[in-house]
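A short worksheet on the structure shown next.
Here it is, written out as structure tokens:
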């Protein structure tokens, strides 16, 4: 039976083969993970569609292949096959795989480790068999890998006498999600004529409102206010909640407001989506956002969690910075980034006062919208943040 790379949706056309969990001659069972694949949005495992013996592996690790490509061949043992499918790695993240290892000079032993842990070891150029696992039943954990790679190297005799002749270079693999992010960014930047509009926001009143809520025992993050204000602004300027369909020659205005949140996860940028923001309160938005950020950091987001976004925000304020030219999350029409809030002297009613000021950067598709419309959008958004009680008038 040929095991092929299947389309898991979202316009996927290709994927990178990260690692095989089996080798030629291995006996496999139905649904046993065979190979780990990196798509443009997630890491996924391809399970075995049948029981049998791995007869041939046709594609080497690190290769990008198109959907429909045969990856390996399994000689069925007669057990009824199950429907072949790709499941999100996040759903299998806690499933430990067991790999039989042949050592040239030693007995066989079992290596317990999650696929992601194996991926880390592989990218660092470490043989996971050399690592002593400290997890349950001797499982090798992520921390074990990092501890192993950071351990000091043994000092060889007369090593100090050896003078390097050239500067050492550390190489970082350019593959996996990093490579997929690069592909998407290039597609967006070379396809969409970007224009970035900058604005500043007086955050003083909003921070006061947040403080009052905290004193009343209600914790609402500033980002939750951003998301709600964005949805209200999109309702007033729907052109930024749209997708350009060039083949059909139409701009499709989305009726639902699904706001993506750019998260700086350890495996790279990922954008979980809060759906139907127009139907949700600030408290619900805050709770969902926190849950999605936790999932992003633990690489447990599902395909559903990162699908169907109509607009994206990037809150880089906690990291610093005063401005940026963010790249639009293709095929959306716009993306807005928020920067660090700082106390600054400003003129209010002809007096110099200290206020909390934040900069924002909004990139938009100039084929779809013009600069004047973008200014109107950001002006309205700024009004909502500077007068947060005004948002109450817009809520249904």
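Residue numbers (the UniProt record's numbering): 1 to 396. No residue lacks a Cβ here, since even glycine has one placed at the ideal position from N, Cα and C. As the structure is a computational prediction, the values presented were derived from the model and not from experiment.
Taking only the alpha-carbon atoms, compute the straight-line gap between residue 257 and residue 209 and give it to the nearest angstrom.
Here the question's residue 257 lines up with position 257 in the chain shown. Here the question's residue 209 lines up with position 209 in the chain shown. When rounded, the distance between both Cα atoms is 25 Å.
Taking the alpha carbon of residue 171 as the point to measure from, which residue in 311, 125, 299 has its own alpha carbon closest?
For the purposes of this step, residue 171 is taken as residue 171 along the chain shown, with counting starting at 1. Nearest option by C-alpha distance: 125.
From residue 388 to residue 193, what distance separates their C-alpha atoms?
The residue you call residue 388 lines up with position 388 of the chain shown. The residue you call residue 193 lines up with position 193 of the chain shown. The alpha-carbon atoms of residue 388 and residue 193 are separated by roughly 33 Å.
For the stretch 181 to 189 and the stretch 312 to 330, state whether three or more C-beta atom pairs, one from each stretch, are separated by less than 8 Å.
Yes: at least three Cβ pairs fall under 8 Å.
What does a CB cutoff of less than 6 Å around residue 196 pick up in its chain, not counting 5 residues either side in sequence?
Within the chain shown, numbered from 1, the residue matching residue 196 stands at position 196. 325, 361, 363, listed in sequence order.
In angstroms, rounded to a whole number, what distance separates the CA positions of residue 244 and residue 251?
Position 244 of the chain shown, counting from 1, holds the residue named residue 244. Position 251 of the chain shown, counting from 1, holds the residue named residue 251. If I take the Cα positions, the gap works out to 4 Å.
Residue 56 versus 122, 76, 371, 355, residue with shortest Cα-Cα distance:
For the purposes of this step, residue 56 is taken as residue 56 along the chain shown, with counting starting at 1. When only C-alpha atoms are compared, the closest one is 76.
Beta-carbon within less than 8 Å of residue 398's beta-carbon, same chain only, minus the 5 sequence neighbours each way: which residues are those?
In the structure as shown, the chain starts at 1 and stops at 396, and residue 398 therefore has no counterpart that could be examined.
Counting C-beta neighbours from all protein chains within 10 Å, is the total for residue 202 16 or more, i.e. buried, or is it exposed?
The residue you call residue 202 lines up with position 202 of the chain shown. Buried.
At 3 residues or longer, and completely inside the stretch 268 to 343: list those beta strand (DSSP E) runs for me, N to C.
Runs of the beta strand (DSSP E) inside the stretch 268 to 343: 268 to 270, 311 to 315.
Residue 375 - DSSP class collapsed to helix/strand/coil
One-based indexing of the chain shown puts residue 375 at position 375. The answer is helix: DSSP assigns residue 375 an H, G or I state.
8 Å contact criterion, which residue 18 and residue 2 should meet: CB distance rounded:
Taking the first residue of the chain shown as position 1, residue 18 is located at position 18. Taking the first residue of the chain shown as position 1, residue 2 is located at position 2. 20 Å between Cβ atoms; not a contact.
Are residue 268 and residue 176 closer than 9 Å when you measure CB to CB?
Locating residue 268 in the chain shown gives position 268, where the first residue counts as 1. Locating residue 176 in the chain shown gives position 176, where the first residue counts as 1. In this structure, residue 268 sits near residue 176, with a CB-CB distance shorter than 9 Å.
Among all the DSSP beta bridges, which residues are the ones paired with residue 358?
To locate residue 358, count along the chain shown from 1; it is residue 358. Answer by DSSP bridge pairing, in chain order: 201, 341.
Does DSSP put residue 74 in a helix, in a strand, or in coil?
Within the chain shown, residue 74 is the residue found at index 74, counting from 1. The answer is strand: DSSP assigns residue 74 an E or B state.
Using the C-alpha atoms, what's the distance from residue 51 back to residue 289?
Here the question's residue 289 lines up with position 289 in the chain shown. Here the question's residue 51 lines up with position 51 in the chain shown. C-alpha separation (whole angstroms): 41 Å.
Looking only at C-alpha atoms, which of 270, 237, 242, 338 sits nearest to residue 373?
Residue mapping note: residue 373 aligns to position 373 of the chain shown, counting from 1. Closest by alpha carbon: 237.
Let me confirm a value: residue 385 is counted as buried when at least 16 other C-beta atoms fall within 10 Å, else exposed. Which label applies?
By 1-based counting over the chain shown, the position of residue 385 is 385. Classification of residue 385: buried, given that the 10 Å Cβ count is 16 or more.
How big is the Cα-Cα spacing for residue 222 and residue 295?
Residue 222 sits at position 222 when you count from the first residue of the chain shown. Residue 295 sits at position 295 when you count from the first residue of the chain shown. Answer to the nearest angstrom: the Cα atoms are 20 Å apart.
Mark residue 174 as exposed unless 16 or more other C-beta atoms lie within 10 angstroms of its C-beta, in which case mark it buried.
Locating residue 174 in the chain shown gives position 174, counting from the first residue. If you draw a 10 Å sphere on the C-beta of residue 174, you find fewer than 16 other C-beta atoms in it, and that means exposed.
Measuring alpha carbon to alpha carbon, tell me which residue in 240, 31, 354 is nearest residue 334.
Taking the first residue of the chain shown as 1, we reach residue 334 at position 334. Nearest of 240, 31, 354 to residue 334, Cα basis: 240.
Sequence-distant residues of the same chain with beta carbon closer than 7 Å to residue 376, five excluded per side:
Sequence index remark: in the chain shown, residue 376 carries index 376 (1-based). Around residue 376: 237.
From residue 30 to residue 284, what does the alpha carbon distance come to, in whole angstroms?
On the chain shown, residue 30 is found 30 positions in, with the first residue counted as 1. On the chain shown, residue 284 is found 284 positions in, with the first residue counted as 1. About 40 Å.
Give me the Cα-Cα distance between residue 217 and residue 204, rounded to the nearest whole angstrom.
The residue labelled residue 217 in the question sits at position 217 within the chain shown. The residue labelled residue 204 in the question sits at position 204 within the chain shown. Going by the C-alpha atoms only, they are around 20 Å apart.
The beta strand (DSSP E) that contains residue 250, what's its start and end?
In the chain shown, the residue the question calls residue 250 occupies position 250. Note, residue 250: beta strand (DSSP E), 250 to 253.
Chain-order list of residues whose beta-carbon lies under 7 Å from that of residue 317 (same chain, five-residue window excluded)
If you number the chain shown from 1, residue 317 lands on position 317. Counting only Cβ-Cβ distances below 7 Å, and skipping sequence neighbours, we find 338, 339, 340, 341, 358.
Counterpart residues of residue 260 in DSSP-defined beta bridges
For this step, residue 260 is matched to residue 260 along the chain shown. Paired residues: 273, 312.
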